[in-house]
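Read through the structure below, which is laid out as structure tokens, and then see the notes.
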Amino acid sequence: MRLTLQQANGLLASVIVVSGIVLFWCTVETYRQLPPLPDTFFTDDGKRLFAATDIKAGQRVFQLRNLMSFGTIFGNGSYFGPDFTAEYLAELRDTMGTKRAVSVRERLKLQGNKAVVPSEWMKAHQRIVALYRDRFVNGDRRLGIASHTLTLDEAEKLAAFVAWTAWVSLLPRPNGNGSYTNNFPPMPDLGLTPTPKVMAWTAWTVGWVLLIALLAFIAYRFVQVEPIPQLPPLREHAETPLNFLQKVTLLLLAGCALVFVLQTLAGGYLANAYASREDFYGIFSRLGLERMAILPFQFVRTVHTATAVIWVVGMWMSASLYIALLIGGKEQNWHRPIAYLSISILTISIVGTLIGLYASVKGWTSSPLLGSEGTEYLEMGRLWRSGIALGFTMWTIVLASVLQSAREQWRPLLNLLTINGAGITAAFFASFFYRPDSHWVVIDFWRWWVVHHWVEGIFAFFQLLVLGWFFAGLKLVSNEEVTKSLYLEGAFVLLAGFLAVGHHFWWVGEPSFWLGIGGVFSTLEVIPLFLLLSTALRTLQVSGMVKTVHRLPFAYFVASALWQFIGSGVLGLLINLPVINYYEHGTYLTVAHGHGSFLGAFGFLALGMTLYAVRHAHHDGWSEKRLWASFWMLNIGLALMLALSVIPVGVLQLMEAIALDYASARALSFYEQPVVHWLNKLRLPGDALIIVGAVLFAAEVVPKVVSAVMGARRQAAVPVR
């Protein structure tokens, strides 16, 4: 069977439309089946606990002070520290006693807008209020929490919000299929164990995946696609003077390289904080300073996660524009003011985000516009988020204009690149579909729309586009194979990636139908990753290591495919079966999955694109030894971090959650076990290698960009040292 390019484009369009229809229906049902938020909570002996206003105020405290960086709610947040929901449930169990705790769910009543809970709940709640006042007002060095993180009143309001999440975890759904969180977190003494649906969908997922995988491999073997026209060969250096847009993109790439260094430094700081939370090699204590007061843990963690997105997306969008100009894209007169304005807006918004986050966690501002919205990866205040969205939109318009001005024969690939760039911007706008005071489940729902559809949908498709363009440009694979990979693998990536968002919704108060959608499609994501890796390795086997200046970007692209398979494929598959994820969710195995897939797959892809663009603009004076040292340090450092520390800790946590309960697996006592403490220390060598690798990369890239942009003389190509 042979598809024309028009039919192949129709296939991709059909996948997007079908996925959109399914997600639209699921979104409507999610809103319809939200967990209730009663006006008032009473004990069954008539005592008032708290009101909905207290819950909403506590939610705002949780967001404003970035407490998601000290632990998790429903397993989402920082993977070091307690799960606040499980911790509250454990206190309730201990207060009631094991024998009475088992029947607690039978004593929960919802009478109109009034919730009635067992009388013992009052004592448990008072203990949690006292715990939070001690932890967040007096500070807790063992958890990295500075004194006066919260006020006494804020600590009490926070307890009301967490109590609501515990109540949602216990409250049976009207249809009787477990609680609103599908019985998460695992707390057997409270009757929270895997539901029949969790067990059934685990088995059905395996069966469906095997069947669909067979059909996918048959289709990939027998379906052919009309090849796209031959792309121009990759040139080793610029043959004409750099234009304005090329200079701008190079400066952005240099800036992103520096942000990469900042992100790794923040990560190294956090790694030390996990292993030794009281001080940073004695530096702060010798200066008479409190580390947690100067560099609050939740601020540094937010810098680490936010800057990761900034440098990866920034490199992708900048390098994409540079490449578009290389393959025939034209610069227009109106591009210059738009480019200046978008860069200015993005810079102001990013700097404003960092300042606002610091002011927010320090208690200097309570504004959701300027401070923190407190949801992981999307912590920036609404004003700064609007600026980032506007900057992305303007840059996407410039990219689309340049791409569409290229030669007609290359239009199929450029159209896909344009749509992908627009998708990155469009997905970000989902973060405006809620307000800071919206229902917590609604906030978390749209947060994952942005994060998941970026990482496991749009980013993964972008990876296919770049690898296809690069391998074809080097004449390492035929146009037929590139086209087939782009359209058939791309269709699978988009279908599985878009619908796999459901695996983020299993345990956070959303309908149980997400178990089936998320289970099947998140497991299917491994199939296109296998095809991608096989293409990269087959290319390497047939052609050997590229012998031109492109061999280092080529190495990064092959590493990207390998890490995508390990991070998203192997580690993702291990944790995405529903019954495994029930116990694993929120453990260090999720950290391993995230680092392997984000830095390994998408980060290395960004670094390879950056190297290609900057070496094209400034081809001489590079230190090959330093660049290769950086490459191997980044790869070996990531491998050591995962193998020696993060994965072993995650396995121990998983075993603890299965053997005891989720509260035990996330408690401070778990992290203070000698073996876990030393495993955390073993993370430092890998982190150190990553930091040095990032510094070496920036030390090579930034000066070359400055030289190229300042108009340094580009000499004739010289043999690579």
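Be aware that the sequence shown starts at 1, since it is given in full-length UniProt numbering, and climbs by one per residue.
Note that CB positions come from ideal geometry on N, CA and C, so glycine has one too.
Residue environment for Met710: exposed (fewer than 16 other C-beta atoms within 10 angstroms of its C-beta). It is roughly 51 Å from the alpha-carbon of Trp204 to the alpha-carbon of Glu624.
Each of Leu574, Leu258, Phe217 was checked against the Cα of Ala699, and the nearest Cα belongs to Leu258. In the structure shown, the three-state DSSP call for Ile21 is helix.
If you check the CB distance, Gly497 and Gly468 do not come in under 8 Å.
For Pro172, DSSP records a beta bridge to Ser179. Proximity of the stretch 55-73 to the stretch 633-642 falls short of the contact definition, fewer than three beta-carbon pairs being nearer than 8 Å. Comparing alpha-carbon positions, the option among Phe470, Glu373, Leu488, Ser179 lying closest to Tyr434 turns out to be Glu373.
By the Cβ rule, the stretch 316-325 does not count as touching the stretch 350-366, because fewer than three pairs are nearer than 8 Å.
Here Arg615 is buried, its C-beta having at least 16 other C-beta atoms within 10 Å. The shortest CA-to-CA distance from Pro36 to any of Lys114, Asn576, Glu91, Phe50 is the one to Lys114. In the three-state reduction of the DSSP assignment, Asn420 falls in the helix class.
Taking a cut-off of 8 Å on C-beta distances, the stretch 105-122 touches the stretch 160-175, as three or more cross pairs fall below it. Distances from the alpha-carbon of Arg127 to those of Tyr671, Arg100, Gly139, Ala160 put Ala160 closest.
For Glu489, the CB contacts under 7 Å within the same chain, skipping 5 residues up- and downstream, are Leu464, Pro528, Leu531, Leu532 in chain order. Note that the stretch 506-520 touches the stretch 193-208; at least 3 beta-carbon pairs, one per stretch, sit closer than 8 Å. Put simply, the stretch 593-606 does not touch the stretch 81-95. Fewer than three CB pairs are less than 8 Å apart.
Unbroken alpha helix (DSSP H) stretches of 4 residues or longer found wholly inside the stretch 316-392: 335-361, given in chain order.
Nearest to Glu331 by alpha-carbon distance, out of Arg301, Met394, Phe244, Ala266, is Phe244. Of the residues assessed, Leu214 falls on the exposed side of the cut-off, its CB having fewer than 16 other CB atoms within 10 angstroms. Beta bridge pairing from DSSP links Val116 with Phe42, Lys109. For Phe222, the number of other beta carbons within 10 angstroms of its own is below 16, and it is reported as exposed.
Per the C-alpha coordinates, the member of Leu682, Ala254, His452, Leu524 positioned closest to Leu611 is Ala254. Three or more Cβ pairs drawn from the stretch 117-136 and the stretch 88-95 lie within less than 8 Å of each other, which places the two stretches in contact. In this chain, the beta strand (DSSP E) harbouring Ala51 covers 48-51.
Three or more Cβ pairs closer than 8 Å define a contact, and the stretch 381-401 meets that threshold against the stretch 341-355. According to the DSSP secondary-structure assignment, Asp140 is paired through a beta bridge with Ile145.
Taking 8 Å as the cut-off, the Cβ atoms of Tyr487 and Val225 count as close. In the three-state DSSP reduction, Gly686 falls in the helix class (H, G or I).
Between the alpha carbons of Lys681 and Leu190 lies a distance of about 35 Å. The C-beta distance from Gly71 to Glu376 rounds to 12 Å, too long to fall under 8 Å, and the pair is not in contact. For Arg666, the enclosing alpha helix (DSSP H) has its first and last residue at 662-666.
Burial of Ser568 is indicated by the presence of at least 16 other C-beta atoms within 10 angstroms of its C-beta.
DSSP, reduced to helix, strand and coil, places Val102 outside both helices and strands of the structure shown, so it counts as coil.
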